[in-house]
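**Q** After the structure tokens below, expect a handful of questions from me.
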DNA sequence: TTGAAAGCGCTACCAT
DNA sequence: ATGGTAGCGCTTTCAA
């Protein structure tokens, strides 16, 4: 339409200012592009250039605010950096994760951020072998060296149980999510350490649940409350589980926190406004997302083989009391 | 590696069973593919085939459970149908939306589902002009014929206010989100209609707020509570806003629902477990997501120009009382 | 039964 | 200052 060769169009439209092209031609081409509402075909560019300026994010549940927050911060960072983010939701299903990882590679994303399901790791080892840039977030594999941004689950669980112990609790229940993933194993380790150190009741029946759904939280809580000696406090590993637990507690006619104390392992915007203000462990999700993105891009844009980076981020402890609905933030340092 | 021509490999790997290729060759090729961990380059395929089996979803805030639920259901449907979903979060910024829509088209998605920011619509008209398949979800443009799946906001708002009127309220506040979008305009219309019909106090100051953030909910509520005659009930247009409103109400030392009643315009999994169980209007988000996906795919896979479909989905009214934390679902039919 | 060639849209390189 | 050409990886058509 501008009467010039495609290569010339290409040069003008990507603003190669250093190439000598008369202003007249430039304008003609730009006008034509505008009139035609021309959009470059990014597939073709990616094919030609070997770079897509796209990264993939694979999370187990985008409808859980925990991962939605992470996704949001990574989205914001990618936009700023001129990358497009592709988000995939595995629904905690290993098969879907493998599918998505392969699919994303197939479509030429420059790198991946993954919160893995952790029922298997072969596909992740494949990524390493191919030297494909990727960063694990929230969950990592302890027997695998890889880029990872995780939070300090063990320490947080320890401090939470210690806090309950100091309030006088002797039987603390632990509502776990899926037990074979990194975060839960770490939290369980911290829980057990505190149980030892504070000489609380050791009872496997107090460790209950195996899933991140509302129902599993509800049922696990009912189990614990039906014990001959039910726990007087609960440490709860997830946003949605917490709601199931509340339902069970209320149905049993119990009061929170008079009859049973709760600490939630993830904080979110509703925590202060629940039935009873919920004391929580807060994960700096936005920060984790940003760090994961920055780390990934560093690897994507570097020519050399950078060494892997693993960062464990400190959590914070938010004490919330029913007497005050005002959020008070206590440093986890005690 | 299998000693055959790429075209033969292509034929085998995509299971063109009708093409006569000896089983021996087939096995050789499949083995080689497996050993090499070969993954087809979807960019190249898309380029060649003119079809990417990818659809794009553009939402204003993925960290809001409202859109996260929609995203989740669309994700599930696409996976089942063999499509990959690309989710983009515009953060309610028009500029980002235009960027994402163009970007998605550039990368050859087969169709788009959009919950638009609605500060402008030129880029949407462009889609229509190019006959690009797309479906609007949750928010549509009243002066534009297009595929759309929305819920019955006006009716829902009317019934909610009517419900409050029947409880004896005379001054009902309306906490709106961004006022220039479809959903809010419709809700406002329903609100005003009920105010007329039930002869409630007409006062523009009772309509307050312009944003979907926690802060805007907080501040709008403070404004309403600071009126000479504060409202005795609130209709609240959003998940996050609701939390800001609760904060404001509690800070004022008021009790929910004794001093002030609340109805939330979106229901979610935490609604029953807030400070006071929240009566809500529930949008069938999963159903809306599925309908939007099915409609989009119908258009994507049809050769002809199908007529546009606009569907308005009924909402439901969930009455929740502080005396019972058990969810009681009342048909919106009364 | 398989290979060769063309082309999807783009851009880097080499010519002119 | 611009045009031609090749090739990214794939699939389809035609040829053998």
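Residue numbers (this note's numbering), protein chains in the order written: chain A, 1 to 334; chain B, 1 to 334.
Glycine residues also receive a C-beta, built at the ideal position from the N, C-alpha and C atoms.
Quick caveat, the model's predicted, so the values are computed rather than measured.
Out of B/274, B/270 and B/237, which has the shortest C-alpha to C-alpha gap to residue 255 of chain B?
**A** In the second chain, the residue the question calls residue 255 of chain B occupies position 255. Checking every option, the nearest Cα to that of residue 255 of chain B belongs to B/274.
**Q** Whose CA, out of B/150, B/222 and B/261, lies closest to the CA of residue 183 of chain B?
**A** If you number the second chain from 1, residue 183 of chain B lands on position 183. For the residues B/150, B/222 and B/261, the minimum Cα distance to residue 183 of chain B belongs to B/150.
**Q** Can you list, in chain order, the residues of its chain whose CB lies under 7 angstroms from that of residue 80 of chain A, leaving out five sequence neighbours each side?
**A** On the first chain, residue 80 of chain A is found 80 positions in, with the first residue counted as 1. Nothing meets the Cβ criterion.
**Q** Using the rule of at least 16 other Cβ atoms within 10 Å of the residue's Cβ for burial, across every protein chain shown, is residue 288 of chain B buried or exposed?
**A** Taking the first residue of the second chain as position 1, residue 288 of chain B is located at position 288. Buried is the call here.
**Q** Can you give the Cα-Cα distance for residue 113 of chain B and residue 122 of chain B, rounded to whole angstroms?
**A** Along the second chain, read from residue 1 onward, the residue named residue 113 of chain B stands at position 113. Along the second chain, read from residue 1 onward, the residue named residue 122 of chain B stands at position 122. Distance between the alpha carbons of residue 113 of chain B and residue 122 of chain B is about 16 angstroms.
**Q** Can you name the start and end residues of the beta strand (DSSP E) that residue 148 of chain A belongs to?
**A** Taking the first chain and counting its residues from 1, the one referred to as residue 148 of chain A is at position 148. 148-151 is the span of the beta strand (DSSP E), which, as asked, contains residue 148 of chain A.
**Q** Taking Cβ-Cβ distances shorter than 7 angstroms, what residues in chain A pair up with residue 335 of chain B?
**A** An answer regarding residue 335 of chain B cannot be provided, because it is not within the stretch 1 to 334 covered by chain B.
**Q** Are the beta-carbon atoms of residue 245 of chain A and residue 217 of chain A separated by less than 9 angstroms?
**A** For the purposes of this step, residue 245 of chain A is taken as the residue at position 245 of the first chain. For the purposes of this step, residue 217 of chain A is taken as the residue at position 217 of the first chain. Cβ atoms of residue 245 of chain A and residue 217 of chain A: closer than 9 angstroms.
**Q** Looking at residue 86 of chain B: is its Cβ nearer than 9 angstroms to the Cβ of residue 98 of chain A?
**A** Along the second chain, read from residue 1 onward, the residue named residue 86 of chain B stands at position 86. Along the first chain, read from residue 1 onward, the residue named residue 98 of chain A stands at position 98. No, these two residues do not count as a Cβ contact at 9 angstroms.
**Q** What residues from chain A crowd round residue 108 of chain B, counting only those whose CB sits closer than 8 angstroms?
**A** What you label residue 108 of chain B is simply residue 108 of the second chain in a count that begins at 1. Here the neighbours are 41, 42 and 43.
**Q** Helix or strand or just coil, what does DSSP make of residue 144 of chain B?
**A** Working through the second chain from its first residue, we reach residue 144 of chain B at position 144. Looking at residue 144 of chain B - three-state DSSP - the assignment turns out to be coil, as it is neither helix nor strand.
**Q** Whose C-beta lies closer than 7 angstroms to the C-beta of residue 237 of chain A among residues of the same chain, with five residues either side of it excluded?
**A** Within the first chain, residue 237 of chain A is the residue found at index 237, counting from 1. Around residue 237 of chain A: 175, 176, 177, 184, 187 and 265.
**Q** Helix, strand or coil: how does DSSP classify residue 209 of chain A here?
**A** Within the first chain, the letter at position 209 stands for residue 209 of chain A. Residue 209 of chain A: coil per DSSP, three-state reduction.
**Q** What's the gap between the Cα of residue 318 of chain B and the Cα of residue 239 of chain B?
**A** The residue given as residue 318 of chain B occupies position 318 in the second chain. The residue given as residue 239 of chain B occupies position 239 in the second chain. The alpha-carbon atoms of residue 318 of chain B and residue 239 of chain B are separated by roughly 15 angstroms.
**Q** What is the DSSP secondary structure of residue 279 of chain B, counted as helix, strand or coil?
**A** Here the question's residue 279 of chain B lines up with position 279 in the second chain. Three-state result, residue 279 of chain B: strand.
**Q** What is the DSSP secondary structure of residue 261 of chain A, reduced to helix, strand or coil?
**A** Position 261 of the first chain, counted from the start, is the residue given in the question as residue 261 of chain A. Of the three classes helix, strand and coil, the one that applies to residue 261 of chain A here is strand, per DSSP.
**Q** Using a Cβ-Cβ distance cut-off of 9 angstroms, determine whether residue 325 of chain B contacts chain A.
**A** The residue you call residue 325 of chain B lines up with position 325 of the second chain. Model confidence at residue 325 of chain B stands at a pLDDT of 48, short of 50, so the residue's coordinates are unreliable; what they give is reported in the following sentence. Closer than 9 angstroms to some Cβ of chain A, the Cβ of residue 325 of chain B qualifies, so yes.
**Q** Using 8 angstroms for Cβ pairs, my map puts residue 55 of chain A next to residue 285 of chain A. What's the rounded Cβ distance?
**A** Counting from one through the first chain, the residue named residue 55 of chain A turns up at place 55. Counting from one through the first chain, the residue named residue 285 of chain A turns up at place 285. The pair is not a contact, with the Cβ atoms about 18 angstroms apart (cut-off 8 angstroms).
**Q** Going by beta-carbon coordinates alone, are residue 43 of chain B and residue 320 of chain A separated by less than 9 angstroms?
**A** For this step, residue 43 of chain B is matched to residue 43 along the second chain. For this step, residue 320 of chain A is matched to residue 320 along the first chain. No, they are not a contact pair.
**Q** For residue 182 of chain B, would you say it is in contact with chain A, using Cβ-to-Cβ distances shorter than 9 angstroms as the test?
**A** On the second chain, residue 182 of chain B is found 182 positions in, with the first residue counted as 1. No, residue 182 of chain B lies away from the interface with chain A (no Cβ there is under 9 angstroms from its Cβ).
**Q** What residue ranges within the segment 24-107 of chain B form continuous alpha helix (DSSP H) runs of no fewer than 4 residues, ordered along the chain?
**A** Entirely contained in the segment 24-107 of chain B, the alpha helix (DSSP H) runs reaching 4 residues are, in chain order, 42-49, 65-81 and 94-106.
**Q** Run through chain A and tell me which residues come within less than 9 angstroms of residue 266 of chain B, C-beta to C-beta.
**A** Here residue 266 of chain B refers to the residue found at position 266 when the second chain is read from its first residue. Result: empty, since nearest Cβ-Cβ is about 13 angstroms, beyond 9 angstroms.
**Q** Helix, strand or coil for residue 215 of chain B per DSSP?
**A** Counting from 1 along the second chain, the entry for residue 215 of chain B is found at position 215. Note: residue 215 of chain B maps to helix in three-state DSSP.
**Q** Could you check the C-alpha separation between residue 157 of chain A and residue 166 of chain A for me, to the nearest Å?
**A** Along the first chain, one-based indexing puts residue 157 of chain A at 157. Along the first chain, one-based indexing puts residue 166 of chain A at 166. Roughly 14 angstroms separates the two Cα atoms.
**Q** Residue 190 of chain A to residue 49 of chain A, Cα distance in whole Å?
**A** Reading the first chain from its first residue, position 190 is the one you call residue 190 of chain A. Reading the first chain from its first residue, position 49 is the one you call residue 49 of chain A. So the alpha carbons of these two residues sit roughly 48 angstroms apart.
**Q** With distances taken from CA atoms, which of A/45, A/249, A/135 and A/124 is nearest residue 95 of chain A?
**A** Against the first chain, residue 95 of chain A aligns to sequence position 95. Nearest of A/45, A/249, A/135 and A/124 to residue 95 of chain A, Cα basis: A/124.
**Q** Is the CB-CB distance between residue 312 of chain A and residue 152 of chain A below 9 angstroms?
**A** Position 312 of the first chain, counted from the first residue, corresponds to residue 312 of chain A. Position 152 of the first chain, counted from the first residue, corresponds to residue 152 of chain A. Going by C-beta atoms, residue 312 of chain A is nearer than 9 angstroms to residue 152 of chain A.
**Q** Taking the C-alpha atoms as reference points, what is the distance between residue 148 of chain B and residue 170 of chain A?
**A** Locating residue 148 of chain B in the second chain gives position 148, where the first residue counts as 1. Locating residue 170 of chain A in the first chain gives position 170, where the first residue counts as 1. Rounded to whole angstroms, residue 148 of chain B to residue 170 of chain A spans 56 angstroms at the Cα level.
**Q** Expressed to the nearest angstrom, what Euclidean distance is found between the alpha-carbon atoms of residue 135 of chain A and residue 53 of chain A?
**A** Residue 135 of chain A sits at position 135 when you count from the first residue of the first chain. Residue 53 of chain A sits at position 53 when you count from the first residue of the first chain. Cα to Cα, the separation comes out at about 16 angstroms.
**Q** Taking DSSP as the reference, what is the three-state secondary structure of residue 115 of chain B?
**A** Position 115 of the second chain, counted from the start, is the residue given in the question as residue 115 of chain B. DSSP places residue 115 of chain B in coil when its eight states are reduced to three.
**Q** Quick check: is the beta carbon of residue 283 of chain B nearer than 9 angstroms to any beta carbon in chain A?
**A** In the second chain, residue 283 of chain B corresponds to position 283, counting from 1. Answer no: the Cβ-Cβ gap between residue 283 of chain B and chain A never drops below 9 angstroms.
**Q** Any heavy atom of the ligand GTP closer than 8 angstroms to the CB of residue 289 of chain B?
**A** Although the ligand GTP was asked about, the structure shown includes no ligands whatsoever.
**Q** Counting only the same chain and skipping the five closest in sequence on each side, list residues whose C-beta sits under 6 angstroms from that of residue 364 of chain A.
**A** What the structure shows of chain A is the stretch from 1 to 334, and residue 364 of chain A is not part of that stretch, so it cannot be assessed.
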